[in-house]
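Colleague: If you read the protein sequences in the order shown, they are chains B and X. Just so we're aligned: the first sequence equals residues 367 to 839 in this note's numbering. Just so we're aligned: the second sequence equals residues 16 to 266 in this note's numbering. Positions of the beta carbon are idealized from the N, C-alpha and C atoms, including for glycine. Here you go, one structure.
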Amino acid sequence: MVVARSGSKRTVAALDAAAFKAGARIGMPAAKVQAMISGLHLVDADPSGDASAIERLALWMLRQYTPVVAMDSPAGIVMDTEGADHLRGGELLMLTGLVNALTGRGLQARGAIADTWGAAHAIARTTRREAIIVPVGETARASINLPISSLRLPPDIISGLTVLGFHTVGELSATPRSPLTLRFGPEVGRRLDQMFGRVAEPIDPMRTADVIEVVRSFSEPIGAAETIAKYIGQLVVELCAALETRGQGVRRADLIIYRVDNTLQSLRAGTAKPVRDIPHLTKLLCSSIEKIDPGFGIEKLSLAATMIEPFEEKQSISSLVEETVVDVTPLLDSFGNRGQRMYRLAPVESDVPERNVGRVSPVSAKMDQAWPTRWPRPSRILKHPERIEVIALTPDHPPASMTWRGKRRRITRGDGPERVFGEWWVRSSEMEAVRDYYSVEDEDGNRFWVYRSGDGVDPATGTAKWFLHGIYG
Amino acid sequence: MLNSADNPTVADLRERIQRLQGTAVRKGEVLSFGLTPIDDRLPGGGLAFGALHEVAGGGADAVHGAAAALFVAGIVARTKGDILWCLARPDLFAPALAQAGLHQDRVIYVEADREEDVLTNFEEGLRFGGLGAVVAELVRLPMTASRRLQLAAEASGTIGIALRRWRRPTEAADFGQPTAATTRWRISVLPSEPLPVPGIGRARWLAELIRARAGEAAEFEIGACDATGRISLSPHARDGQDQARRARNFG
């Protein structure tokens with residue numbers, strides 16, 4: 367249990383599940399809890415330590431998820447994920463992935479995505495589910511039943527409202543505004559409007575000292591795509607000059623667009639390798655320019671290099687006979703920013719065909735390994751081997767005929783068996799498993815890769831059923 | 016007309032006009048198969064770089080495109096540089112491509128969720144230049160899209176290969192629709208080369224050159240790609256119009 371001290375008063379600031387079960391609650395006087403529970407382990411609260419830990423977490427999210435991240439004290443982080451979720455496979459995948467990543471590091475986390483900061487703040491703190499997404503436009507319906515304590519109001523206002531009989535946000539928002547304002551000041555109305563999206567609440571993005579940021583403010587708001595592209599070009603030139611003095615290249619660049627109506631949008635461009643190439647960066651940022659909605663005009667553009675890495679200067683070709691090696695990373699960057707998956711396939715040490723091939727990053731070092739087998743392999747492989755009916759001599763003759771997808775084929779030639787043993791170090795159920803692979807050819811010349819589960823003699827090695835696994839060219 | 020070919024000025028002018036039209040195939044800008052009977056049928060003596068080529072599987076292979084994929088792998092294996100392979104259905108088995116001479120380190124796969132994205136990726140890869148070849152597995156290739164791809168390939172000089180594959184064999188009739196591709200091939204499997212012992216010999220294909228710009232249609236019986244991506248002509252190879260054989264492979 368964590369105890370916070372304010373003056374001479376000691377109150378409970380945080381507790382674990384066991385203490386909660388024993389009856390302790392946040393906000394109780396520490397002495398009372400000590401009297402209730404014996405053998406209590408008390409730890410003094412460290413607000414500055416907590417804050418710096420959350421800040422570190424927020425910086426990690428800034429690099430990983432979205433350009434606009436800010437602290438949402440206490441104990442929270444708010445992010446503007448608009449336009450950033452597709453890179454993580456959509457909102458649900460992004461949020462569950464984030465919560466899982468935090469759980470994996472031993473942190474308890476709950477997340478919510480909603481239209482407004484206020485609603486997301488309240489929902490994340492009041493519901494028990496780990497990840498909740500409120501669909502666009504459903505914020506009002508989702509938040510009427512929330513308790514008023516989730517409204518980000520000072521404690522004395524909350525207790526005053528409770529005395530008056532208000533419990534949920536819905537009750538409060540249905541009450542006439544002016545008596546509330548007379549009694550509690552404008553704060554109640556402002557928080558309600560922020561929750562329902564009637565008042566804009568821009569997130570002030572956090573920046574560290576080492577983030578290189580260039581800003582351009584406009585005396586007249588701009589809106590035309592060509593104008594935006596022109597200023598993006600100028601910002602990129604400035605950013606690259608700043609990077610050059612430090613010998614760094616950019617891995618992730620964030621463009622933040624401040625509009626005159628006090629809302630902001632962001633664009634993110636990622637690269638596979640550190641980059642300091644002005645035309646390339648400009649092209650990456652301008653490729654999604656149609657996603658910018660200028661509204662009534664843009665008053666400020668800010669370009670930040672959120673993730674930087676040392677940039678290696680390379681000498682360009684000096685010899686005339688040397689062949690140019692073309693760097694394909696600009697192309698990969700533009701695919702990546704459109705959300706396409708890119709990979710190379712590389713050998714993996716395994717005899718089981720479906721585990722034999724692994725995906726590696728397209729910019730990873732080339733290993734120059736090869737698959738060890740000399741047996742011909744099919745050019746297309748089925749994701750799930752399909753059951754076939756065969757007539758075959760046991761134990762180790764290729765089939766004489768097979769029926770696949772309702773078509774019976776007479777087999778004229780066959781090769782095999784190639785025996786593949788199960789990998790007990792991967793799954794214990796494969797301890798004795800065996801597959802016998804055959805390549806077979808039917809009368810028309812179609813060639814298939816089929817296997818029998820089991821060695822055909824010992825039932826412990828497999829079910830002796832036949833499957834089709836691949837198609838030869 | 017005949018003696019104008021000897022006049023260097025006229026010849027030079029003619030070449031410049033052809034280059035302006037984008038139809039010129041200059042020497043050294045083709046990828047030859049290394050087999051005279053096939054290369055002779057292709058204008059310029061091989062598959063033109065900076066052009067779009069179309070390859071489809073015949074018969075049941077129209078769905079899987081297994082032989083067509085190997086044929087394409089053999090072609091791109093003989094180019095220089097990285098290969099971009101755009102697809103939406105990831106069912107290629109890389110060891111087989113490696114056996115056809117296409118080393119796995121050279122191939123970058125770009126996987127899209129939607130068919131339309133494959134087309135976009137294909138065009139972007141062709142426009143980039145600097146790649147050895149760009150391959151895309153496409154279901155539909157409308158005339159407009161193929162013309163864009165052909166122009167992109169001409170601009171960058173990269174060879175682009177559209178590997179057509181359909182969801183159902185009946186949809187393969189779509190291959191009859193015209194496209195702007197420079198050559199169109201259909202690869203069907205044939206019974207493998209006979210061996211003196213039981214077993215499967217080298218695979219053989221029927222490669223039909225259905226269309227070649229400024230060339231004639233032809234068909235060849237070829238042996239599948241060897242470890243360096245080279246095909247071979249079958250010993251009893253014939254070319255020409257064999258209607259009976261063609262009809263059977265349509266089925």
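1) Identify which residue in Trp791/B, Trp832/B and Tyr804/B has its Cα closest to the Cα of Pro893/B.
2) Could you check whether the region 127-134 of chain X touches the region 100-111 of chain X, counting it as contact only if at least three pairs of C-beta atoms, one from each stretch, sit closer than 8 Å?
3) Go through the region 443-520 of chain B residue by residue and report every complete run of the beta strand (DSSP E) that reaches 3 residues or more, in order.
4) Given that His79/X touches chain B, what residues does it touch there, using C-beta distances under 8 Å?
5) Excluding the five sequence neighbours on either side, which residues of its own chain have a C-beta within less than 6 Å of the C-beta of Met708/B, listed in chain order?
6) Quick check on Leu781/B - is its C-beta less than 8 Å from some C-beta in chain X?
7) Extract the residue ranges of the alpha helix (DSSP H) inside the region 512-586 of chain B, only unbroken runs of 4 or more that lie entirely within it.
8) Less than 8 Å between CB atoms is the rule here; does Trp832/B satisfy it with respect to chain X?
9) In chain order, which continuous runs of the alpha helix (DSSP H) of length 4 or greater are located wholly inside the region 605-680 of chain B?
10) Pro587/B and Val626/B look like a contact to me (Cβ under 8 Å); what is the Cβ gap, rounded to whole Å?
11) Measure the beta-carbon distance from Ile837/B to Pro744/B and round it to whole angstroms, keeping in mind my assumption that it falls under 8 Å.
12) Between the alpha carbons of Ala379/B and Met394/B, how many angstroms are there, rounded?
13) Quick one: what's Phe235/X bridged to in DSSP?
14) Using CA coordinates, which residue listed in Arg617/B, Trp791/B, Ala758/B and Asp693/B is at the minimum distance from Glu715/B?
15) How many angstroms separate the CA atom of Ala82/X from the CA atom of Ile644/B?
16) For the region 116-142 of chain X, enumerate the residues whose C-beta is nearer than 7 Å to any C-beta of chain B, in chain order.
17) Going along the chain, which residues of its own chain have a beta-carbon closer than 8 Å to the beta-carbon of Thr574/B, five neighbours each way excluded?
18) Any idea what DSSP makes of Glu6/X, helix, strand or coil?
19) Closer than 7 Å by C-beta to Trp181/X: which residues in its own chain qualify, once you throw out the five before and the five after it? Chain order, please.
20) Along chain B, which residues have their Cβ under 8 Å away from the Cβ of Ala242/X?
21) Whose Cβ in chain X lies nearer than 8 Å to the Cβ of Tyr709/B?
22) Near Leu546/B, what residues of its chain come up, given a Cβ to Cβ distance below 6 Å and the 5 sequence neighbours on each side ignored?
23) Who does Lys773/B pair with in a DSSP beta bridge?
24) Is it buried or exposed for Gln114/X, if we count other Cβ within 10 angstroms and need 16 for buried?
25) How far does the alpha helix (DSSP H) with Thr135/X in it extend, from its first residue to its last?
26) Could you tell me the alpha carbon to alpha carbon distance between Phe787/B and Arg721/B, rounded to whole angstroms?
27) Within 10 Å of its beta-carbon, does Glu656/B have 16 or more other beta-carbons around it, so buried, or fewer, so exposed?
28) Any idea what DSSP makes of Gly811/B, helix, strand or coil?
29) Along chain B, which residues have their Cβ under 8 Å away from the Cβ of Phe108/X?
30) Is there a Cβ from chain B that is less than 8 Å from the Cβ of Gln114/X?
31) Which residues in chain X sit within 7 Å of Asn812/B, going by Cβ to Cβ distance?
32) Flag this pair as yes or no: are the beta carbons of Arg179/X and Val91/X separated by less than 8 Å?
33) In its own chain, which residues sit with a C-beta less than 8 Å from the C-beta of Gly526/B, not counting the 5 before and 5 after it?
34) Does Val40/X pass the burial test, meaning 16 or more other C-beta atoms within 10 Å, or should it be called exposed?
35) Can you give the Cα-Cα distance for Asn22/X and Ala227/X, rounded to whole angstroms?
36) Could you work out which residues of chain X lie near Lys639/B, taking near to mean beta carbons separated by less than 8 Å?
Modeller: Once the coordinates are examined:
1) The structure shown has nothing for residue 893/B, since chain B only spans 367 to 839.
2) yes
3) 443-446, 477-479 and 497-499
4) Arg746 and Ile837
5) Leu698, Phe701 and Pro728
6) For the record, residue 781/B in the displayed sequence is Asp; it is not Leu. Judged by the 8 Å Cβ criterion, Asp781/B is in contact with chain X.
7) 521-529, 535-539, 543-550 and 553-562
8) no
9) 644-652
10) 5 Å
11) 5 Å
12) 8 Å
13) Ala222/X
14) Trp791/B
15) 44 Å
16) Gln119, Asp120, Val122, Ile123, Tyr124, Val125, Glu126, Ala127, Asp132, Asn136, Glu139 and Gly140
17) Leu425
18) Only positions 16 to 266 of chain X appear in the structure, and residue 6/X is not among them; the question remains open.
19) Ala77, Val78, Val154, Ala187 and Asp189
20) Result: empty, since nearest Cβ-Cβ is about 10 Å, beyond 8 Å.
21) Ile123, Tyr124 and Glu126
22) Val554
23) Trp770/B
24) buried
25) Glu130 to Phe143
26) 13 Å
27) exposed
28) coil
29) Pro719, Val723, Arg743, Pro744, Ser745, Arg746, Ile747 and Gly836
30) yes
31) Ala75 and Val204
32) no
33) Arg549 and Phe550
34) Below a pLDDT of 50, predicted positions are generally treated as unreliable, and Val40/X, at 49, falls in that range; the measurement from the model is reported next regardless. Val40/X is buried by the Cβ-count criterion.
35) 29 Å
36) The contacting residues do not exist; Lys639/B stays about 14 Å from chain X at best.
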